[in-house]
Amino acid sequence: MKMNDIKTAPFMTKAIMLISNMYRLGWDERNGGNLSYILYDQDINEFLDTTQVIRKIPINFNARELRNKIFLVTGTGKYFKNVEYNPEENLGVIQISEDGEYANLLWGFLDGGTFTSELPSHLMSHIERLKEDNHHRVVIHTHPTNLIAMTLIHELDEKSFTKTLWKLATECIVVFPEGVGVLPWMLCGNTDIGRATADKIKGFRACVWAAHGIFGTGTSLDETFGLIETIEKAAEIYMLCQGQQIINSITDDQLKAIALAFKVKVKAGWLL
Ligand code: 2HA
Ligand code: ZN
């Protein structure tokens, strides 16, 4: 059957636009950042024959819970900067094998490359988010500048970190009423940080990695990007206020009023 060019598929053009935006925001220097996006049959039907496996790539942990799921993923060592010019080399479409041990490459990674080094963290996070929400689809890891700066000077207790963010800008408690998870510095690219991140992601859709960046999750590319963008914006305000005394931050009572007006369920016990 003649397939349409997958590079014209709506999921692909949206993902490429998002990756380029993140690069231009200065969040994804060099090969920083990675993305994985669960594709549904209707996204790929016209574009991909899923019986044609190009290569079988070992995952190095068992992802059986995601068997047969298909993902758009960024490649290891690839630069976000280059994705829009050469998607077929910098991106891949993989399907998790029946036994959960392999990623079957269906498209992309044209130069013999493979998926992001953070794939274990992504897949473990997908598994946990899918338990919470069966519409979950996206994991984005990126290096937002102000957020990294904030992790260097703010205590890393996640209640304290979240409340600082909430009190800086009204949108925050509406966009992430459950708060943000925070991990202390850990070595990246392995299953330990993957497990620790996935454990945080059970309760939060976003997890900050100190001195590194953030993992954000969501049901769509826009929603996930919007979550990270809102957190980064508050971190930027925090950094802009350094060296000056903040005298008008949002109070706990005002946060409660916002939560009530916008009907969001705030993390229990975090507001006085
Ligand atoms: O993909 O961001 O954490 C490169 C990274 C590793
Ligand atoms: Zn990173």
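Under our numbering, think of the first position of the sequence shown as 5, with each following residue one higher. Every residue gets a Cβ at the ideal spot worked out from N, C-alpha and C, and that includes glycine.
Residue nearest to residue i in terms of C-alpha spacing, selected from the options
{"i": "residue 260", "options": "253, 252, 270, 207", "result": "270"}
{"i": "residue 274", "options": "197, 228, 166", "result": "166"}
{"i": "residue 272", "options": "249, 219, 207, 31", "result": "207"}
{"i": "residue 13", "options": "41, 47, 31, 37", "result": "47"}
{"i": "residue 94", "options": "75, 119, 155", "result": "119"}
{"i": "residue 103", "options": "132, 81, 69, 82", "result": "69"}
{"i": "residue 34", "options": "16, 86, 77", "result": "86"}
{"i": "residue 196", "options": "65, 32, 164", "result": "65"}
{"i": "residue 54", "options": "186, 17, 109", "result": "109"}
{"i": "residue 258", "options": "249, 248, 276", "result": "276"}
{"i": "residue 67", "options": "89, 15, 198", "result": "198"}
{"i": "residue 180", "options": "161, 267, 128", "result": "267"}
{"i": "residue 38", "options": "161, 160, 143", "result": "143"}
{"i": "residue 234", "options": "176, 249, 190", "result": "176"}
{"i": "residue 40", "options": "204, 25, 73, 28", "result": "73"}
Local Cβ density within 10 Å of residue i, reported as buried at 16 or more and exposed below that
{"i": "residue 251", "result": "exposed"}
{"i": "residue 213", "result": "buried"}
{"i": "residue 151", "result": "buried"}
{"i": "residue 130", "result": "buried"}
{"i": "residue 75", "result": "buried"}
{"i": "residue 81", "result": "exposed"}
{"i": "residue 133", "result": "buried"}
{"i": "residue 126", "result": "buried"}
{"i": "residue 154", "result": "buried"}
{"i": "residue 209", "result": "buried"}
{"i": "residue 188", "result": "exposed"}
{"i": "residue 11", "result": "exposed"}
Residue i to residue j span [Cα, whole Å]
{"i": "residue 63", "j": "residue 106", "result": "5 Å"}
{"i": "residue 52", "j": "residue 7", "result": "7 Å"}
{"i": "residue 79", "j": "residue 91", "result": "10 Å"}
{"i": "residue 145", "j": "residue 217", "result": "7 Å"}
{"i": "residue 211", "j": "residue 115", "result": "32 Å"}
{"i": "residue 263", "j": "residue 84", "result": "36 Å"}
{"i": "residue 256", "j": "residue 174", "result": "12 Å"}
{"i": "residue 232", "j": "residue 59", "result": "33 Å"}
{"i": "residue 135", "j": "residue 253", "result": "36 Å"}
{"i": "residue 222", "j": "residue 100", "result": "20 Å"}
{"i": "residue 149", "j": "residue 244", "result": "12 Å"}
{"i": "residue 57", "j": "residue 202", "result": "29 Å"}
{"i": "residue 182", "j": "residue 137", "result": "14 Å"}
{"i": "residue 172", "j": "residue 45", "result": "41 Å"}
{"i": "residue 77", "j": "residue 30", "result": "20 Å"}
{"i": "residue 1", "j": "residue 236", "result": "The requested residue 1 does not occur in the structure, where the chain is confined to residues 5 to 276."}
{"i": "residue 113", "j": "residue 97", "result": "9 Å"}
{"i": "residue 71", "j": "residue 32", "result": "30 Å"}
{"i": "residue 89", "j": "residue 17", "result": "12 Å"}
{"i": "residue 178", "j": "residue 184", "result": "13 Å"}
{"i": "residue 124", "j": "residue 156", "result": "26 Å"}
{"i": "residue 249", "j": "residue 170", "result": "17 Å"}
{"i": "residue 205", "j": "residue 49", "result": "31 Å"}
{"i": "residue 147", "j": "residue 28", "result": "12 Å"}
Sequence-distant residues of its chain with Cβ nearer than 7 Å to residue i (five each side left out)
{"i": "residue 168", "result": "158, 242"}
{"i": "residue 111", "result": "10, 52, 96, 97"}
Beta-ladder partner(s) of residue i, from DSSP
{"i": "residue 222", "result": "142"}
{"i": "residue 78", "result": "95"}
{"i": "residue 62", "result": "106"}
{"i": "residue 210", "result": "220"}
{"i": "residue 112", "result": "96"}
{"i": "residue 40", "result": "77, 143"}
{"i": "residue 270", "result": "According to DSSP, residue 270 bridges with nothing at all."}
Contacts around residue i, its chain only, beta-carbon distance under 8 Å, and the 5 residues preceding and following it disregarded
{"i": "residue 193", "result": "121, 122"}
{"i": "residue 140", "result": "42, 130, 133, 134, 221, 222, 223"}
{"i": "residue 9", "result": "51"}
Close beta carbons around residue i, own chain, < 6 Å, minus the five adjacent residues each side
{"i": "residue 226", "result": "none"}
{"i": "residue 239", "result": "150, 151, 154"}
{"i": "residue 229", "result": "22"}
{"i": "residue 4", "result": "Residue 4 lies beyond the residue range present for the chain, which begins at 5 and ends at 276; the question has no answer from this structure."}
Short CB-CB distance (under 9 Å) between residue i and chain C
{"i": "residue 221", "result": "You won't find chain C in this structure, because it holds only one protein chain."}
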